[in-house]
Amino acid sequence: MKKMETNMPQAIMKYTKLIELELIFLSYGIIPIDLRLANVAFSEDNEMVVIDYGLFTMDFKALCCAGYLMMVLFKDV
Numbered sequence: 003m004k005k006m007e008t009n010m011p012q013a014i015m016k017y018t019k020l021i022e023l024e025l026i027f028l029s030y031g032i033i034p035i036d037l038r039l040a041n042v043a044f045s046e047d048n049e050m051v052v053i054d055y056g057l058f059t060m061d062f063k064a065l066c067c068a069g070y071l072m073m074v075l076f077k078d079v
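For the sequence shown, the tail end lands on 79 under this note's numbering, and the numbers increase by one without skipping.
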């Protein structure tokens, strides 16, 4: 039987990680408008890091939660 290579191409892995990163942002209520491979880099541990300021926005519910959190954290300042 011919041995088949099972490694995913590097580009597919990068796009998969990019989609996972976008889902993480969305889970916190942050909407990444312009998140693409040109705006990220990979660390030595193969973690994707956003390296460029992109266009991000928050949905209203997350914005209210973030405002409340800031109010609680900095109430004594």
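From the three backbone atoms N, C-alpha and C, an ideal C-beta is built for every residue, glycine too.
Considering only their Cβ atoms, is the gap separating P34 from E24 smaller than 8 Å? Going by C-beta atoms, E24 is nearer than 8 Å to P34.
What do you get for L39, buried or exposed, if any count of 16 or more other CB atoms within 10 angstroms of its CB means buried?
Under a 10 Å Cβ-count criterion, L39 is classified as exposed, with fewer than 16 other Cβ atoms of the shown protein chains found around its own Cβ.
For F44 and V51, the rounded distance between their alpha carbons: Approximately 6 Å between the Cα atoms of the pair.
query: Do I32 and M60 have their C-beta atoms within less than 8 Å of each other?
result: Taking a C-beta distance under 8 Å as the contact criterion, I32 and M60 qualify as a contact pair.
Give me, in chain order, the residues of the same chain whose beta-carbon lies closer than 7 Å to that of K16; leave out the 5 immediate sequence neighbours on both sides. Within the same chain, K16 has close Cβ partners L39.
I26, DSSP secondary structure in three states: In the structure shown, I26 sits in a helix (DSSP, three-state: H, G or I).
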